[in-house]
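*Asks:* Residue numbers (this note's numbering), protein chains in the order written: chain A, 1 to 201; chain H, 1001 to 1201.
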DNA sequence: CCTACCGATCGGTAGG
DNA sequence: CCTACCGATCGGTAGG
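1) Give the straight-line distance between the Cα atoms of residue 175(A) and residue 46(A), rounded to the nearest whole angstrom.
2) Straight-line CA distance for residue 161(A) to residue 81(A)?
3) Using a Cβ-Cβ cut-off of less than 9 Å, list which residues of the stretch 101 to 134 of chain A approach chain H; keep chain order.
4) Are three or more beta carbon pairs between the stretch 1061 to 1076 of chain H and the stretch 1095 to 1110 of chain H nearer than 8 Å?
5) Report the residue ranges of all alpha helix (DSSP H) runs contained in full by the stretch 1131 to 1188 of chain H; include only those spanning at least 4 residues, in chain order.
6) If residue 1063(H) sits next to residue 1127(H), beta carbons under 8 Å apart, how far is it from one beta carbon to the other, in whole angstroms?
7) Please check if any C-beta of chain A sits within less than 8 Å of the C-beta of residue 1144(H).
8) Can you tell me which of 182(A), 136(A) and 131(A) puts its alpha carbon nearest to the alpha carbon of residue 164(A)?
9) Kindly indicate the opening and closing residues of the alpha helix (DSSP H) around residue 92(A).
10) Taking only the alpha-carbon atoms, compute the straight-line gap between residue 1189(H) and residue 1092(H) and give it to the nearest angstrom.
11) For residue 70(A), would you say it is in contact with chain H, using Cβ-to-Cβ distances shorter than 8 Å as the test?
12) Leaving out five residues on either side along the sequence, give the residues of the same chain with a beta carbon under 7 Å from the beta carbon of residue 1027(H).
13) In its own chain, which residues sit with a C-beta less than 7 Å from the C-beta of residue 159(A), not counting the 5 before and 5 after it?
14) Confirm the yes/no value for this check: CB of residue 1097(H), any heavy atom of the ligand MG, distance under 7 Å.
15) Within 10 angstroms of the Cβ of residue 1102(H), are there 16 or more other Cβ atoms? Answer buried if so, exposed if not.
16) Does the separation of the CB atoms of residue 21(A) and residue 117(A) fall below 8 Å?
17) What residues of chain A sit near residue 1177(H), judged by a beta carbon separation below 9 Å?
18) Tell me which same chain residues have a C-beta within less than 8 Å of the C-beta of residue 1191(H), skipping the five on either side of it?
19) Cβ closer than 8 Å: which chain H residues qualify as neighbours of residue 37(A)?
20) I'd like the list of long-range same chain contacts for residue 23(A), defined as Cβ closer than 8 Å, with 5 residues on each side in sequence excluded.
21) Quick check: the Cα distance between residue 87(A) and residue 114(A), rounded to an integer number of angstroms?
22) Report back the beta-carbon spacing between residue 1069(H) and residue 1077(H) to the nearest angstrom; my notes put them in contact at under 8 Å.
23) Note down, in chain order, all residues in the stretch 144 to 170 of chain A with a beta-carbon under 9 Å from any beta-carbon belonging to chain H.
24) Residues in the same chain with beta-carbon distance under 7 Å from residue 197(A), minus the five sequence neighbours each way, listed in chain order, please.
25) Go to residue 1035(H), then tell me how far its alpha helix (DSSP H) extends in each direction, as first and last residue.
26) Show which residues of chain H have a CB atom less than 9 Å away from the CB atom of residue 62(A).
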């Protein structure tokens, strides 16, 4: 006879996290404070602490949700495409769309968190690293498939493809968030296409 | 009969700023607090406030110093080279060197500040934008010279070159700061070279 | 440049 | 989930 069912608890947690990730995308994962989030949700600080345990656990939960949203927006649409060049192209398309109209108003959350925590050792730093490595691994896997299928030159380095596509997306996000110039997104998309194009015409 | 000469005042201000920019490169420009900086410099908070007026003015001074350091490390060595392709190449070389061994331990300060302040309106946001625009303008000017000298294809868009080179540097900095993998730097350098290579072989 | 202090906010706990 | 509270720290001021 619990006062709230497991589903209700999960729902309230999910709603809390939605607000937290939106707030953190604007003011940063470290700038996110329990007090400010509580005020926005019109609840007490201790209520929030009860749901997550500590600020660090809240940060980890926010990061996990943001990573899910990224995969949902960028990877899942492309997963329907055949592996290799076709799927890589679909990933780039979805990625640019995601950068243009991100699910949280502060732009790509993973880029923000990466810059914010690259010099702060701890569990959040480790989690950011893990998410980024996993994503680069996906890109690398698709690049390898493209090479095997003869869609990329046989001497191509899959890690090189993964790094460069990711760097262009990160750079485009930073430029677009700062200057709000959509040309950054089309320029990044074209540069991605050149990375995936056969090196000789 | 001033107790401290203008030179002494300028020196103490410069030493304070050196410590501030080093600290801010690690914990961020917003995370930089007067109290923590004062403690590190073994002086009182009010002494620091007296030098800069407010935290925001301190942030602006730190940003200005960081921009000077960037230009000193990346632009000045290349300025000795002839304008156009040669100078762009020298800029890319110096840039990668700067990313590998940055003057402040937190990596490229401008990238950090850009991500941190892209959604925080105010004077610091405006200053970051101005620094970035100015730098992109330098890259664009050199790309234009390269086109005029026939070193880049005549239908090349100078803004496109500037954006892409910058995005690769930003992406490389983020990757290198997070994973400490120097291959990110050589990969970025190679991608920059492809951007500057004639599009057909 | 200092000490002493201001009100606000931080993350978190006690107790219910 | 709440109120009430803890010690620490925030940016900054008063007064010297």
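Beta carbons are placed, not taken as given, at the ideal position from N, Cα and C, and that holds for glycine.
*Replies:* With the structure as the only source:
1) 38 Å
2) Residue 161(A) and residue 81(A): Cα-Cα distance of roughly 19 Å.
3) Those would be 105, 106, 107, 111, 112, 114, 115, 116, 117, 118, 119, 120, 125, 128, 129, 132 and 133, in chain order.
4) yes
5) 1158 to 1179
6) 5 Å
7) no
8) 136(A)
9) 85 to 100
10) 7 Å
11) no
12) Answer for residue 1027(H): no residue qualifies.
13) 140
14) Questions concerning the ligand MG fall outside what the structure shown contains, since it holds no ligand whatsoever.
15) By the 10 Å Cβ count, residue 1102(H) comes out buried.
16) no
17) 114, 115, 118 and 119
18) 1168
19) Ordered by position in chain H, no residue passes the 8 Å Cβ test against residue 37(A), which lies about 17 Å from the chain.
20) 32, 36, 37 and 40
21) Spanning the two alpha carbons is a distance of roughly 25 Å.
22) With a Cβ gap of about 13 Å, residue 1069(H) and residue 1077(H) do not count as contacting.
23) Residues are counted here when their Cβ sits less than 9 Å from a Cβ of chain H; for the stretch 144 to 170 of chain A these are 157, 159, 160, 163, 164, 166, 167, 168, 169 and 170, given in chain order.
24) Taking C-beta separations shorter than 7 Å and ignoring five residues to either side along the sequence, residue 197(A) has no partners in its chain.
25) It spans 1034 to 1041 - the alpha helix (DSSP H) in which residue 1035(H) sits, taken as one unbroken run.
26) What residue 62(A) touches in chain H: nothing, since even the nearest Cβ is about 16 Å away.
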